[in-house]
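Chemist: This structure is in structure tokens; I'll ask about it shortly.
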Amino acid sequence: MKNVLIIGSTGQIGSELTMKLRNDIPEGSIVAGFIKGAEPKGELLESGPAEEVDVRDGARIAWIVDRYRIDTIYNLAALLSAVAERKPLAAWDIQMNGLLSILEVAREKGCAVFTPSSIGSFGPLTPHDGTPQDTIQRPLSMYGVTKVATELLSDYYFHKYGVDTRAVRFPGLISYETLPGGGTTDYAVEIFYAAVKGEEFVCPIGAGTFMDMMYMSDALKAATDIMNADPSRLVHRNAFNVTAMSFDPEILYHKIRERIPGFRMRYEVDPVRQAIANSWPDRMDDSCAREEWGWKPSFGLDEMVDDMILKLRLKFGYKM
Ligand code: AKB
16 MKNVLIIGST GQIGSELTMK LRNDIPEGSI VAGFIKGAEP KGELLESGPA EEVDVRDGAR
76 IAWIVDRYRI DTIYNLAALL SAVAERKPLA AWDIQMNGLL SILEVAREKG CAVFTPSSIG
136 SFGPLTPHDG TPQDTIQRPL SMYGVTKVAT ELLSDYYFHK YGVDTRAVRF PGLISYETLP
196 GGGTTDYAVE IFYAAVKGEE FVCPIGAGTF MDMMYMSDAL KAATDIMNAD PSRLVHRNAF
256 NVTAMSFDPE ILYHKIRERI PGFRMRYEVD PVRQAIANSW PDRMDDSCAR EEWGWKPSFG
316 LDEMVDDMIL KLRLKFGYKM
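If you want it as structure tokens, here you go:
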């Protein structure tokens, strides 16, 4: 991996992945792909090339691949689970037609492709505790439908055309740089913003709802380690279960209160997000990722909570 195109570079994952790749591969061209209205700013704009690109525009993607001799494409353009339920046709269009245009360019020009899947690719029939790598995937949400189709189409292009497609199934991602938007797990980020600002948090997900989660630095490590992995060791490709922790809103609330004693939370459950969360795993088994490419997260729950509070206080300029 040397010259990389990140489609969706201004989103929650893309903004940090682009900067990590620019630091890790200073000799490469790391191109920040963005859509109109979500232009990169500040360091992201100044530290390397940026190109406007709609994920569905294969001709434009091919032009960027030629111009920068791109060898790897990170496809991070997606509508997250809750917003995809409100806009199912747009979610299908972006997720599926976008993926197809990228895979076609990759087939013609020999690029590797990473398109993340998610805990959203599972459904109510999936075993929820210790969810295996290979198991039932019958999601009920449009987001989940597109994630299962993404896994299948990515595997298809690998088996039929030899396109080097690899991916992970991300859990909820927790980060302090860029807010997520429209996901079911967003509460686990938003709660920190409220706590650090001294505001009450209204939680849209009910007590007792466990979901897998991961701190962003581990997610970036997963996204790059899988693409750098020795292909001869990969039994699976699209996509690996990866997790770092599992908690419900109560556990997270109490962990934050241990550090910010005055913090308050109350529940106002959003039925759409709650139904999605109920259908997702409580805790995935990620042993295949550990065995096939050495996956191992660095941040557990306590380390993540400490770091989130510290980084948000610094971000808002609060005295320590
Ligand atoms: C969402 O909640 O939609 C995402 C995901 C788990 O894929 N964060």
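Using my numbering, the letters of the sequence shown correspond one by one to residues 16 to 335. Where is the CB? At the ideal position from N, CA and C, for every residue including glycine.
#1: Which one of K35, P264, G223, K162 has the shortest CA to CA distance from E58?
#2: Can you tell me whether DSSP reads R181 as helix, strand or coil?
#3: Which stretch, first to last residue, makes up the alpha helix (DSSP H) that contains V211?
#4: Distance check for T130 and Y158, CA to CA, integer angstroms please.
#5: Which class does C1 belong to by DSSP, given the choice of helix, strand or coil?
#6: What residue ranges within the segment 84-129 form continuous alpha helix (DSSP H) runs of no fewer than 4 residues, ordered along the chain?
#7: Could you give the residue range of the beta strand (DSSP E) that holds F216?
#8: Could you compute how far the alpha carbon of L32 sits from the alpha carbon of V178?
#9: Helix, strand or coil, according to DSSP, for G221 in the structure here?
#10: Whose C-beta lies closer than 7 Å to the C-beta of W295 among residues of the same chain, with five residues either side of it excluded?
#11: Let me make sure I understand the geometry here. Which of A77, L104, E100 has the alpha-carbon closest to that of S116?
#12: Please list, in chain order, all residues of the same chain as N112 whose beta carbon is under 7 Å from its beta carbon, the five residues on each side excluded.
#13: Looking at G223 and L95, is the spacing between their C-beta atoms short of 8 Å?
#14: For R101, count the other beta carbons within 10 Å of its own beta carbon; 16 or more makes it buried, fewer makes it exposed. Which is it?
#15: Reducing DSSP to helix, strand and coil, say where M242 ends up.
#16: Based on the DSSP output, what are the partners of F49 in its beta bridges?
#17: Identify which residue in A209, V183, L249 has its Cα closest to the Cα of M229.
#18: Provide the residue span of the beta strand (DSSP E) that contains Y171, from first to last.
#19: Suppose contacts are defined by Cβ-Cβ distances below 8 Å. Is G29 in contact with L91 by that definition?
#20: With DSSP as the reference, label G187 as helix, strand or coil.
#21: Going by alpha carbons, who is nearest to L104 out of M299, V160, V68?
#22: Ignore the nearest five residues each way along the sequence and tell me which others in A237's own chain have a CB closer than 6 Å to its CB.
#23: Should F255 be labelled buried (16 or more other beta-carbon atoms within 10 Å of its own) or exposed?
#24: Checking 8 Å against the spacing of the C-beta atoms, do V68 and G48 come in under that value?
#25: Going by other Cβ atoms of all chains shown within 10 Å of its Cβ, with 16 needed for buried, is I151 buried or exposed?
#26: Under the three-state reduction of DSSP, which class applies to T146: helix, strand or coil?
#27: Hey, is the segment 285-300 in contact with the segment 191-205, meaning 3+ C-beta pairs nearer than 8 Å?
#28: Relative to the alpha-carbon of A259, which residue among Q27, M319, F173, T239 has its alpha-carbon at the smallest distance?
Modeler: From the atom records:
#1: Nearest to E58 by C-alpha distance, out of K35, P264, G223, K162, is K35.
#2: Note: R181 maps to strand in three-state DSSP.
#3: Segment 202-212, the alpha helix (DSSP H) holding V211.
#4: When the Cα atoms are used, Y158 and T130 turn out to be separated by approximately 14 Å.
#5: In the structure as shown, the chain starts at 16 and stops at 335, and residue 1 therefore has no counterpart that could be examined.
#6: DSSP runs (the alpha helix (DSSP H)) wholly in the segment 84-129: 96-101, 103-107, 113-124.
#7: 216-218 is the extent of the beta strand (DSSP E) around F216.
#8: Their Cα atoms are separated by approximately 22 Å.
#9: DSSP places G221 in coil when its eight states are reduced to three.
#10: Closer than 7 Å at the Cβ level, and outside the excluded window around W295, lie I134, G135, F137, M226.
#11: Looking only at A77, L104, E100, the smallest Cα-Cα distance to S116 is reached by A77.
#12: Excluding residues within five positions, the ones whose Cβ falls inside 7 Å are R71.
#13: With respect to the 8 Å criterion, L95 and G223 are not classified as neighbours on the basis of their beta carbons.
#14: R101 counts as exposed, since fewer than 16 other C-beta atoms from the protein chains shown sit within 10 angstroms of its C-beta.
#15: Three-state result, M242: helix.
#16: The partner list for F49 (beta bridge, DSSP) reads E67.
#17: Per the Cα distances, V183.
#18: Where Y171 is concerned, there is no enclosing beta strand (DSSP E), although the alpha helix (DSSP H) it sits in stretches over 157-176.
#19: Cβ distance < 8 Å, so G29 and L91 count as in contact.
#20: Residue state, collapsed to three classes: strand.
#21: It is V160 whose Cα lies nearest to the Cα of L104.
#22: Cβ neighbours of A237 beyond the five flanking positions: V183, V257.
#23: Under this definition F255 is a buried residue.
#24: In this structure, V68 lies near G48, with their beta-carbon atoms less than 8 Å apart.
#25: By the neighbour-count rule (16 or more Cβ atoms within 10 Å), I151 is not buried but exposed.
#26: Strand, per DSSP.
#27: Result yes; three or more Cβ-Cβ pairs closer than 8 Å.
#28: The shortest C-alpha separation from A259 is found at M319.
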